[in-house]
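**Q** Respectively, the protein sequence lines represent chains Y and E. 100 is the number that my numbering gives to position 100 of the first sequence; each next residue is one higher, with no gaps. 16 is the number that my numbering gives to position 16 of the second sequence; each next residue is one higher, with no gaps. Backbone N, C-alpha and C define an ideal beta-carbon position, used for all residues, glycine too. Here the structure is a predicted model, which is why all the values come from computation and not from measurement.
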Amino acid sequence: GQQVMQIPQYQHVQEGEDFTTYCNSSTTLSNIQWYKQRPGGHPVFLIQLVKSGEVKKQKRLTFQFGEAKKNSSLHITATQTTDVGTYFCAGHSNYQLIWGAGTKLIIKP
Amino acid sequence: DGGITQSPKYLFRKEGQNVTLSCEQNLNHDAMYWYRQDPGQGLRLIYYSQIVNDFQKGDIAEGYSVSREKKESFPLTVTSAQKNPTAFYLCASSTQGARYGYTFGSGTRLTVV
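1. Examine chain Y for any beta-carbon lying closer than 9 Å to the beta-carbon of residue 98 of chain E, and answer yes or no.
2. Between residue 92 of chain E and chain Y, is any beta-carbon pair separated by less than 9 Å?
3. Let me make sure I understand the geometry here. Which of E:24, E:3, E:35 and E:2 has the alpha-carbon closest to that of residue 78 of chain E?
4. Taking 8 Å as the limit between beta carbons, can you name the residues of its chain near residue 136 of chain E, skipping five residues before and five after?
5. If distances are taken between C-alpha atoms only, which option among Y:74, Y:52 and Y:100 comes closest to residue 83 of chain Y?
6. Assuming residue 33 of chain Y and residue 21 of chain Y are in contact, meaning their beta carbons sit under 8 Å apart, how far apart are those beta carbons, in whole angstroms?
7. Indicate the three-state DSSP secondary structure (helix, strand or coil) for residue 130 of chain Y in the structure shown.
8. Note down the Cα distance separating residue 44 of chain Y from residue 4 of chain Y, rounded to an integer number of angstroms.
9. Suppose contacts are defined by Cβ-Cβ distances below 9 Å. Is residue 27 of chain E in contact with residue 6 of chain E by that definition?
10. Determine the direct distance from the alpha carbon of residue 92 of chain Y to that of residue 99 of chain E, and round the result to whole angstroms.
11. Along chain Y, in chain order, which residues have C-beta atoms closer than 7 Å to that of residue 106 of chain E?
12. In whole angstroms, give me the CA-to-CA distance for residue 46 of chain E and residue 59 of chain E.
13. Return the residue from the list E:87, E:44, E:2 and E:63 that minimises the CA-CA distance to residue 25 of chain E.
14. On a CA-only basis, which of E:93, E:71, E:48 and E:94 is nearest residue 64 of chain E? Give me that one, please.
15. CB-CB under 7 Å to residue 14 of chain E, same chain, minus the five flanking residues each way: which ones, in chain order?
16. Using a Cβ-Cβ cut-off of 7 Å (strictly less than) and excluding sequence neighbours within five positions of residue 57 of chain E, which residues of its own chain qualify?
17. Within 9 Å (strictly less), CB to CB, does residue 100 of chain Y reach chain E?
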């Protein structure tokens with residue numbers, strides 16, 4: 001079936017370092033959405049990318065959608081403690097939203 | 001303030017019991033969804049509904065049932081047939097096509113005792 005693979009599963013960073021998570025779909029997506037889930041919380045919608053090669057920025061967060069509309073990435077510059085949580089991608093294909101397994105951002109003490 | 005409300009926040013179920021999780025939204029969204037999340041895992045779709053009085057099974061519907069009698073409400077019943085129901089249950093809603101993403105409730109943590 002249709003799958004969206006998301007890597008890595010975990011990423012440990014020092015505060016101030018960068019963080020990146022990648023999603024790769026087995027099929028072409030009509031769009032891709034990104035969500036953040038804080039520990040103990042629920043997913044919160046961050047952004048949707050629709051166009052091939054699209055790049056969008058939200059402050060320190062940069063979202064990219066691949067040219068073939070099969071992959072996407074989220075990059076956080078200079079992580080802060082408020083960035084802690086799990087980041088999910090979710091791709092739209094054939095009217096279904098297919099979720100990645102998430103990447104957990106952990107700030108090293 | 002528009003939003004989506006799930007209740008209860010925590011629920012304890014005895015073996016063999018059916019329990020119903022409530023989900024209500026006042027966002028005027030047509031579509032509603034139920035997901036299950038296990039510790040450290042992603043989201044798995046249980047059921048979804050695109051319109052009142054209609055709903056479809058997701059990837060893990062066995063042992064669960066839903067109804068959609070009103071646009072605002074999409075309750076989920078976890079039946080005794082669900083063998084491993086301990087999990088975090090999330091309800092979400094969206095406009096048709098989910099152009100603005102899904103809005104999630106704060107979830108219900110169900111534990112079998």
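**A** On the basis of the supplied data:
1. yes
2. yes
3. E:35
4. Within the shown structure, residues of chain E are numbered from 1 to 113, placing residue 136 of chain E beyond reach of any answer.
5. Nearest of Y:74, Y:52 and Y:100 to residue 83 of chain Y, Cα basis: Y:74.
6. Between residue 33 of chain Y and residue 21 of chain Y, the beta carbon gap of about 14 Å keeps them out of contact (Cβ cut-off 8 Å).
7. Residue 130 of chain Y lies beyond the residue range present for chain Y, which begins at 1 and ends at 109; the question has no answer from this structure.
8. Inter-residue distance for residue 44 of chain Y and residue 4 of chain Y is about 19 Å (C-alpha atoms, whole angstroms).
9. no
10. 10 Å
11. 42
12. Linking residue 46 of chain E to residue 59 of chain E through their CA atoms gives a straight-line distance of about 6 Å.
13. E:2
14. E:48
15. Residues of the same chain with a CB within less than 7 Å of the CB of residue 14 of chain E, apart from the 5 flanking positions on each side, are 113 in chain order.
16. Within the same chain, 47 come within 7 Å of residue 57 of chain E by CB-CB distance, once the 5 residues on both sides are set aside.
17. yes
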